[in-house]
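Residue 108 in the numbering used here sits at position 108 of the sequence shown, with consecutive numbering throughout.
Cβ atoms here follow ideal geometry from the backbone N, Cα and C, with glycine treated the same way.
Just so it is clear, the structure is predicted and the values come from calculations on it, not from any experiment.
Before any comments, here is the structure.
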Amino acid sequence: MEETDEYDYSVLKEIGKASYDALNYGKGLVKEGARLIDIAESVEEYLKEKGFEMAFPVNVSVNEQAAHYTSPFGDTSVVPKGAVVKLDVGARKGTYLGDCAVTIDLSGKYSKLIEATEKALENAISMVKAGRAVNEIGRETENIAKSCGFEPIRNLGGHGVERHNLHAGVFIPNFDNGDTTELEEGQVIAIEPFMTNGSGYVGDGETIEIFQKTGSPSIRSSYAREIAAFIDEHYLTFPFATRWIQKELKLESDFNIRRALTELAYADAIESFPVLVEKKKGMVAQAEKEMIVEKDSCTVVTR
Ligand code: CO
C-alpha cells in the first residue's frame, strides 16, 4: 500500500460525520410532491457550503428503484404520494470518501420492511470485527429478512472503501454466499443491507445519470475528447452526474453531453451506473453506514 493510500482516521471521521449530517438534512426534505432534483441539489449544496466535495452524486431512489437515481438537469419528477425513498449520500475531502444511506417511508405501509433493514444493519455492525467472515454477516441479514417475510437483495451488498475508490476490495453480501473472506483490522467498509417484498434481485434500468472515469483510451470525436478533459479536471476518478456537467457548462440541452458520454462509455473511458430496479418491481428499503474494522468491534464513522 502506498503511503498516500493510508488512512488518517480523524479525516475519515470528519467526512463520515459530514455525510451523516447531510443525510439527515436530506431526510427532512423528502416530502410528497418535493422535486427530486431539489432534494439532491440541496444536499449537495449543504456539503459544498461546509467545504466538502461529493463522493458521488446524491442518490434519490424511489420505490422499486434500489439505487443510482440522481436527477438529470431540469428534472421535473417529484416524490410520489406514499413513496418509499432511499437517500444515499457521501461527502468527499481529497480522496476520503463517505457513504451512508437511509430509507424514508411516506406511506406508513412499509415500516416493517424498513425496520427489518435497519435491524440487519445494526446486527451487522455488532458483528463487525477483525477475523469475521463476510458470509456470516450476510447470513444474519438473510435470516432477518426471511423471518420478517422479505427477501434480501442478493446482487447488492456492502463494500470496502479505499481512498480514491468507493467500492474496493471486500464485498459484504446480504445473504450467505459462502464467501469466508475475513474482515481485517484497520479496513474501512460500508455495510448496506437492501430488502424487498419482491424477488431479491435488481437489474439495470434504462435511466443512466451517474458515470465515473475508468481509463484514458484514445477518443475519436473532438467533443467527446473535450468532455473527457472536463471530467478529468472536475471529477477526477470520482462518480459524477450528467446534470453536473450540463450545469457547469451552462448548456440548454443535454443531447451532446449524452452522446459524448455514450462514446466515452463505449470506449471504456468511463463506466456507467444505470438505475438499479427490483426485478419484480418490489418495494426496496436500504440502510447503510460506514465503519472502521477494529480488533474486537468497529467504529461507525457516518454518525
Ligand atoms: Co455504499
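Here the alpha carbon of Ser19 sits roughly 20 angstroms from the alpha carbon of Glu6. Note that the C-beta distance between Lys213 and Asp232 is below 8 angstroms. Per the Cβ contact rule, the stretch 206-226 is in contact with the stretch 259-273 (3 or more Cβ pairs under 8 angstroms). Between the alpha carbons of Phe255 and Glu41 lies a distance of about 21 angstroms. The shortest CA-to-CA distance from Glu182 to any of Gly160, Glu192, Asn197, Gly200 is the one to Gly160. Within its own chain, the residues whose Cβ lies closer than 8 angstroms to the Cβ of Leu106, once the five positions on either side in sequence are excluded, are Val30, Lys31, Glu32, Val79, Lys81, Gly82, Ala83, Val84, Val85, listed in chain order. In the DSSP annotation of this structure, the continuous segment of the beta strand (DSSP E) that includes Leu166 starts and ends at 165-173. Selection Thr262, Gly108, His164 evaluated against Ala55 yields His164 as nearest (Cα-Cα).
Ala229 and Gly169 have their C-alpha atoms spaced approximately 28 angstroms apart.
Of the heavy atoms belonging to ligand 1, at least one sits nearer than 7 angstroms to the Cβ of Asp99. A Cβ-Cβ distance of about 15 angstroms is found for the pair Ala101 and Glu44, leaving them out of contact under the 8 angstroms criterion. Per DSSP, Tyr9 has no beta bridge partner at all. Where Lys112 is concerned, the enclosing alpha helix (DSSP H) starts and stops at 111-127. Not one heavy atom of ligand 1 falls within 7 angstroms of the beta-carbon of His164.
Per the coordinates, the alpha-carbon of Val128 lies some 12 angstroms from the alpha-carbon of Lys289. In the DSSP assignment, Arg154 is bridged to no other residue.
Within 7 angstroms of the C-beta of Glu271 there is not a single heavy atom belonging to ligand 1. Under the three-state reduction of DSSP, Tyr25 is assigned to helix. Assigned with DSSP and collapsed to three states, Gln187 falls in coil, not helix or strand. By the beta-carbon neighbour count (other beta carbons within 10 angstroms, threshold 16), Thr180 is exposed. For Gly198, the three-state secondary structure derived from DSSP is coil. Spatial neighbours of Thr196 in its own chain (CB-CB distance under 7 angstroms, excluding positions within 5 residues in sequence) are listed in chain order as Phe150, Glu151, Ile153, Glu278, Gly282, Met283, Val284.
With fewer than 16 other Cβ atoms from the protein chains shown falling within 10 Å of its own Cβ, Gly186 counts as exposed. Cβ neighbours of Val188 within its own chain (closer than 6 angstroms, five residues either side excluded): Val161, Ile292. In the assembly as shown, Asp204 is an exposed residue. Its beta-carbon has fewer than 16 other beta-carbons within 10 Å.
Under DSSP, Ala91 forms a beta bridge with Met54.
Scanning its chain for C-beta atoms nearer than 7 angstroms, with the 5 sequence neighbours on each side dropped, one finds around Thr299 the residues Met291, Ile292, in chain order.
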